[in-house]
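J.:
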């Protein structure tokens with residue numbers, strides 16, 4: 643855990659975590675675009691997911707987030723379902739509804755990399771929402787990406803890679819892991835509160851094997867050496883809490899359910915999480931408050947605030 647130096651004064655910071663929009667717009671697509679993994683993903687959409695992921699739920703969540711008027715928003719991937727140009731465009735409009743790029747930070751998920759996609763057809767629509775502080779406007783991000791807001795370092799990791807059909811796995815890659823070690827070391831030296839943003843949960847057995855982070859065994863030693871104050875992920879479509887070992891204690895790992903999930907299961911229905919990060923004389927105080935979809939009122943109701 644990183645500590646504040648005696649006599650240092652920093653502002654409290656509020657962070658909102660959402661994930662997994664799964665926007666699907668298959669109309670007007672050339673027939674040739676379906677001779678790949680998209681066909682399997684679209685079948686999954688028609689059989690099950692179109693009933694689970696509802697645009698009206700995502701709209702309600704967006705309005706609820708806007709009403710909070712809180713701080714920075716982070717989105718941990720799977721904004722699209724089929725990685726189609728129209729879905730990337732639609733996702734950008736939803737991001738604009740959440741806030742300007744300087745207040746909203748995005749990392750991609752496996753559905754956003756369902757098949758190899760030209761930059762201008764895909765991520766270019768979100769370039770400013772994925773950009774680190776140091777990036778030029780419209781440039782391609784090099785992960786990990788870093789934004790510093792007040793006392794907090796937001797570190798974006800990409801696990802989005804095109805994979806074989808029926809696989810939803812992801813990987814970080816050796817070069818990104820090496821850069822991540824450098825970023826974690828430097829931000830720790832600056833006594834910043836480090837939040838890692840990643841789509842796939844880095845926790846062993848958190849998801850089924852075909853959905854796993856394939857190089858988690860390489861990430862875990864890095865975390866044990868350099869640590870972090872908080873890890874946020876999506877992908878599992880479930881509110882969850884786990885802990886991973888760091889150099890001086892456990893690192894909390896929290897997942898959030900899909901932002902569009904019309905589910906009855908309390909842990910799987912749509913939600914967003916509000917974190918309050920406060921420096922104290924003893925280090926950091928982190929609290930979390932979930933706002934979950936209430937089916938009776940179609941509103942997002944805040945739950946009790948808990949300490950992380």
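Residue numbers (our numbering): 643 to 950.
Where a beta carbon is used, it is the ideal one built from N, C-alpha and C, also for glycine.
Treat the numbers as computed from the prediction; the structure is a model and nothing was measured.
1. Give me, in chain order, the residues of the same chain whose beta-carbon lies closer than 8 Å to that of residue 669; leave out the 5 immediate sequence neighbours on both sides.
2. In the structure shown, what three-state DSSP assignment does residue 646 receive?
3. Secondary structure at residue 860, three-state DSSP: helix, strand or coil?
4. Taking 8 Å as the threshold, find out whether the region 729-749 comes into contact with the region 686-695 through three or more Cβ pairs.
5. Does the structure place the region 858-865 close enough to the region 874-885 that three or more beta carbon pairs sit under 8 Å?
6. Rounded to whole angstroms, what's the CA-CA distance from residue 648 to residue 923? Just pull it up for me.
7. In the DSSP assignment, what residue or residues form a beta bridge with residue 931?
8. Buried or exposed: where does residue 877 fall if 16 or more other Cβ atoms within 10 Å of its Cβ makes it buried?
9. Should residue 804 and residue 766 be called a contact, given that it needs their Cβ atoms to be closer than 7 Å?
10. For residue 807, which residues of its own chain have a beta-carbon under 7 Å away from its beta-carbon, when the five flanking residues on both sides are left out?
11. Could you check the C-alpha separation between residue 835 and residue 712 for me, to the nearest Å?
12. DSSP three-state call for residue 658: helix, strand or coil?
13. Exposed or buried, which one is residue 775 when buried takes at least 16 other CB atoms within 10 Å?
14. Helix, strand or coil for residue 707 per DSSP?
15. Could you spell out the range, first to last residue, of the beta strand (DSSP E) harbouring residue 798?
16. Under 8 Å, with one C-beta from each stretch per pair, do the region 655-666 and the region 909-928 reach the 3-pair mark?
17. Relative to the C-alpha of residue 702, which candidate in 937, 947, 945 and 948 has its C-alpha closest?
18. Is it buried or exposed, residue 700, if we count other Cβ atoms within 10 angstroms and call 16 or more buried?
19. Is there contact between the region 794-801 and the region 840-857, where contact requires at least three CB pairs shorter than 8 Å?
20. On the criterion of 16 or more Cβ atoms from any shown chain inside 10 Å, does residue 900 qualify as buried, or is it exposed?
21. Can you say whether residue 651 is buried or exposed, counting buried as having 16 or more other CB atoms within 10 angstroms of its CB?
22. Please state the DSSP three-state secondary structure of residue 816.
23. List the whole-angstrom C-beta distance separating residue 845 from residue 893, where the pair is believed to meet the contact cut-off of C-beta under 8 Å.
24. Verify whether the separation of the beta carbon atoms of residue 831 and residue 879 is less than 7 Å.
25. Can you tell me the Cβ-Cβ gap for residue 707 and residue 740, rounded? I've got them flagged as a contact below 8 Å.
26. Alpha carbon to alpha carbon, how far is residue 795 from residue 714? Give it in angstroms, no decimals.
27. In chain order, what residues of the same chain have a beta carbon less than 6 Å from the beta carbon of residue 941, not counting five sequence neighbours either side?
28. Compute the beta-carbon to beta-carbon distance between residue 743 and residue 777, rounded to the nearest angstrom, for a pair I have assumed lies under 8 Å.
29. Rank 752, 717 and 849 by C-alpha distance to the C-alpha of residue 797 and give the top, closest one.
30. Could you tell me if residue 723 is buried or exposed, where buried requires 16 or more neighbouring beta carbons within 10 angstroms of its beta carbon?
31. In the structure shown, what three-state DSSP assignment does residue 888 receive?
32. Under DSSP, the beta strand (DSSP E) around residue 944 begins and ends at which residues?
T.: Reading off the structure:
1. Non-local beta-carbon contacts of residue 669 in its own chain, meaning distances under 8 Å to residues more than five positions away in sequence, involve 728 in chain order.
2. Residue confidence is low: residue 646 scores 35 on pLDDT, short of 50, so the model does not pin down where it sits. Its coordinate-derived value is still stated next. Reduced to three states, the DSSP call for residue 646 is coil.
3. helix
4. no
5. no
6. Its pLDDT being 37, under 50, residue 648 is placed unreliably in this model, and the value from its coordinates should be taken loosely. In this structure, the CA atom of residue 648 is about 7 Å from the CA atom of residue 923.
7. 916
8. Buried, since its Cβ has 16 or more Cβ neighbours within 10 Å.
9. no
10. 679 and 682
11. 18 Å
12. strand
13. exposed
14. helix
15. 794-798
16. yes
17. 937
18. buried
19. yes
20. Residue 900 comes out buried.
21. With a pLDDT of 41 at residue 651, under the threshold of 50, the modelled position of this residue cannot be trusted; read the value that follows with caution. Using a 10 angstroms sphere on the CB of residue 651, the tally of other CB atoms stays under 16, which defines it as exposed.
22. helix
23. The Cβ separation is near 10 Å, so there is no contact.
24. no
25. 6 Å
26. 11 Å
27. Cβ contact annotation for residue 941 (same chain, cutoff 6 Å, sequence separation greater than five): none.
28. Not confirmed; about 10 Å, so no contact.
29. 717
30. buried
31. strand
32. 941-944
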